[in-house]
Amino acid sequence: KMSSGAADLRQRKKQNCTESDKMAPEERNKENSKLGRSPKYMLIQRFAKLFFGCLAAVTSGMMYAVYLSTYHERKFWFSSRQELEREITFQGDSAIYYSFYKELLKAPSFERGVYELTHNNKTVSLKTINAVQQMTLYPELIASVLYQASGSEEVIEPVYFYIGIVFGLQGIYVTALFVTSWVMSGTWLAGMLTVAWFIINRTDTTRIDYSIPSRENWALPYFACQVAALTGYLKKNLNCSAEKFCYLLVNASTYTFMMMWEYSHYLLFVQAVSLFLLDSFALAQTEKVHEVYRIYLFSLIVGYLLQFENSALLVSPLLSLVVALMLSRSLQMNMKKSTFVSRLLKIMYIYLVLTVAVTLNFLLKMFIPHKENEHLLKFIEVKLGLNTTKNFTMNWLLCQESLQAPSQDFFLRLTQSSLLPFYILVLIICLFSVTQVIFRRICGEPLKETVKLEDGRIGERPEIVYHVIHTILLGCLAMCLEGMKYLWTPYVCMLAAFGVCSPELWMTLFKWLRLKAVHPILLALILSMAVPTIIGFSLWKEFFPRIMTELTELQEFYDPDTVELMTWIKRQAPVAAVFAGSPQLMGVIKLCTGWTVSSLPLYNDDDLLKRNENIYQIYSKRSAEDIYKILTSYKANFLVIEDSICNEVGPVRGCRVKDLLDIANGHVVCEEGDNYAYSKYGRFCHEIKMNYSPYVNYFTRVYWNRSYFVYRINTVISFQS
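The structure is reproduced here in structure tokens:
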């Protein structure tokens, strides 16, 4: 019976789709005849609007990509640098990603390069890793294939090709946001305003300035394409060809997004929750929403298989929620009827989905072996105040700026660009309208098939409701963690631009105010053009000179001490040497020299996290013998001490590396509210520079400059006290 009901639903959907395709031209012809316009005239007008809108979207994306490239050149003087100096601009985990791209290009064949990455024992000492799985290196695999297959070796250098792809993806990112706002508002003026706000607030919309190869810079453009396609897919009265195109684009972009970023399933989970709430209040076609759930399920299964049976996907909250939604669907059969029983079923449905999802996720984690970022769960506990810890890694993560609550400067910047005030205005109007629609649905009033401008019911459009819920959920995350602002702010730009350019939103507001002096439809049309135009001119006057100054002003990024260190390692250190030091510096050493290192700036592997904590002990108050034992346990031959960490004067006391180490090692004494570090040993990074026993027995200084001190770890020592 259930299967026949589902089949009937699909059949009705196909019939409705066909009927809408047949009826739409007739309705348009009637409307055109009333206005005295011929169908040919309307077709030309529609084509011109589509053509110029697409041209504006593509041009905006291309100009943004060129802007990023020009700014990057001005900031780093990239074209006038040697290869070593260019590579030093990649810091931390970015250096590791680019180093594997270099290794792929140096391999005798692509197949051999992939094999070496999946069985890599030349990066981290005493450890063989599957770098493709552990670091999600699919972007580097694609970039290396494109570079070699396109014959670009004789045309462009590898580094320019690599960063060019990333800048190109950022252009696609902007274009997708443009299209999303355009689809929602019906005017590409909203897309132009979205792009303007995105670029002006670039500090808070993207991390491209700080970390070009980071995974989110590769992945988020595909997510933006998925959101744009999903926006179109959720629209009512969409013709079949457009619906199929949107469906296929959602499919392709969802799968690609999942392959590009290891944390993608968490963001898709937030999106799935938005769709679940949208469907629970019967504000969208259930069949469409469940098609998106099937896309999630397919992407998770294919991702699991192609990501070397990644168990994190099996225990992800996304999979548990989707399966729970599939199992609970039978309760939705009569939910959209306006009966008392249907309302009870709706409450039962929501409760059942949440219960099944939580239970299923708990059972999966019990029976499936996984290492699904356990430190992330511990971090959440400590962040929420549910637990306390002295663990170095956990406290170090808590001290990171991206994991703090957003600062007042963040809100001040959004307010100065007029983005935040208009976003709040649009959000409030949409929320009130959605609340009205939900109340009408509870009272049994059906949704209108076609919402007209004079109705003033913007809350009945499913794509609008989805974006309202989505931005609220992302905003809640951004209020907790500043790093989440890079996911939230782009969609703030999009939603605010859509709102001020949408006659429907203004009409909804005027419907509440009951304007009689001025015709509300006329005023809504005027404001939807006038307000964004005024905003655009004010932004142009205030921010365009600043952007041009950024592009014309020559900046200088030069680190001679690091260049000297890398040059010394390449010339003087044995090829088989293993270096130990801070994980961030080890990433740069791996990229610039190719030498094996003892740790990496990665935080998704328990063993690497433990290594990082142990090797950071070189900045603690431990004995020379303790440090020697730690380093030799990882077969390290050379130790690099950074003066910037050893003599760090951080803005927040207690968040410096040496402070966190003292807390973890129990070397902190509290007296009358003040904390004092105490140990019978001096701080190792200071004491080793004194060149006295026992330090000289274990370590021999072989190189130093203003920023770095390099020590050879002695293999033959005399234990003197």
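With the first letter of the sequence shown counted as 1, position 69 gets the number 69 in the UniProt record's numbering; the numbers rise by one all the way through.
Cβ coordinates follow ideal geometry from the N, Cα and C atoms, glycine included.
When DSSP states are grouped into helix, strand and coil, Thr388 belongs to the coil group. DSSP, read as helix, strand or coil, puts Ile429 in helix. Looking from the CA of Ile350, the closest CA among Leu275, Ser181 and Lys102 belongs to Leu275. If you keep only unbroken alpha helix (DSSP H) runs of at least 4 residues inside the segment 578-603, you get 583-593. In the DSSP assignment, Val710 falls within the unbroken beta strand (DSSP E) covering Tyr708 to Ile713. Annotated three-state conformation of Trp704 is strand, per DSSP. For Leu68, the CB contacts under 7 Å within the same chain, skipping 5 residues up- and downstream, are Phe167, Gln170 and Ile208 in chain order.
Shown here, Phe178 sits in a helix according to DSSP, grouped into three states. Around the Cβ of Arg457, a 10 Å sphere holds 16 or more other Cβ atoms; the residue is buried. Sequence-distant partners of Ser253 (beyond 5 residues in either direction) whose C-beta falls short of 6 Å from its own C-beta, in its chain, are Tyr222, Cys225 and Gln226.
Counted as a single uninterrupted DSSP element, the beta strand (DSSP E) harbouring Leu639 occupies residues Phe638 to Glu642.
With fewer than 16 other CB atoms across the displayed protein chains lying within 10 angstroms of its CB, Ala530 is exposed. Taking 8 Å as the cut-off, the beta carbon of Asn251 is found no closer than this to the beta carbon of Val315. Taking C-beta separations shorter than 7 Å and ignoring five residues to either side along the sequence, the partners of Asp279 in its chain run Thr286 and Val289, following chain order. Looking at the DSSP output, Phe699 bridges to Ile713. The C-alpha of Val270 is placed about 38 Å away from the C-alpha of Ser125.
By the beta-carbon neighbour count (other beta carbons within 10 angstroms, threshold 16), Glu553 is exposed. Between Ala357 and Ser311 the beta-carbon gap is near 18 Å, outside 8 Å, which marks them as no contact.
Across the structure, Val145 and Phe110 are spaced so that their CA atoms are roughly 8 Å apart.
By the C-beta density criterion, His119 is exposed, having fewer than 16 other C-beta atoms within 10 angstroms. The beta carbon of Asn387 sits closer than 7 Å to those of Glu381, all from its chain and outside the five residues before and after it, given in chain order. Here the alpha carbons of Met484 and Tyr296 stand approximately 22 Å from one another.
The C-alpha of Pro520 lies about 9 Å from the C-alpha of Trp506.
With fewer than 16 other CB atoms across the displayed protein chains lying within 10 angstroms of its CB, Tyr115 is exposed.
Taken through DSSP and simplified to helix, strand or coil, Ile129 comes out as strand. When DSSP states are grouped into helix, strand and coil, Asn217 belongs to the helix group. In the same chain as Ile368, and ignoring 5 residues on each side of it, the C-beta atoms closer than 7 Å to its own belong to Ser311, Leu314 and Val315, in chain order.
Rounded to whole angstroms, the gap between the alpha carbons of Lys122 and Cys430 is 55 Å. For the pair Ser620 and Lys658, the CB atoms are nearer than the 8 Å cut-off. Secondary structure at Asn612: helix, using DSSP grouped into helix, strand and coil. Shown here for Ser214: same chain residues with a beta carbon closer than 8 Å to its own, the five before and five after excluded, namely Asp93, Ser94, Tyr97 and Arg207 in chain order. Pairing Ser99 with Leu591 gives a Cβ-Cβ distance under 8 Å. By the beta-carbon neighbour count (other beta carbons within 10 angstroms, threshold 16), Phe52 is exposed. Within the same chain, Ala229, Gly232 and Tyr233 come within 7 Å of Cys246 by CB-CB distance, once the 5 residues on both sides are set aside. If you draw a straight line from the Cα of Leu631 to the Cα of Thr567, it is about 23 Å long. A distance of 8 Å or more separates the beta carbons of Val174 and Gly303.
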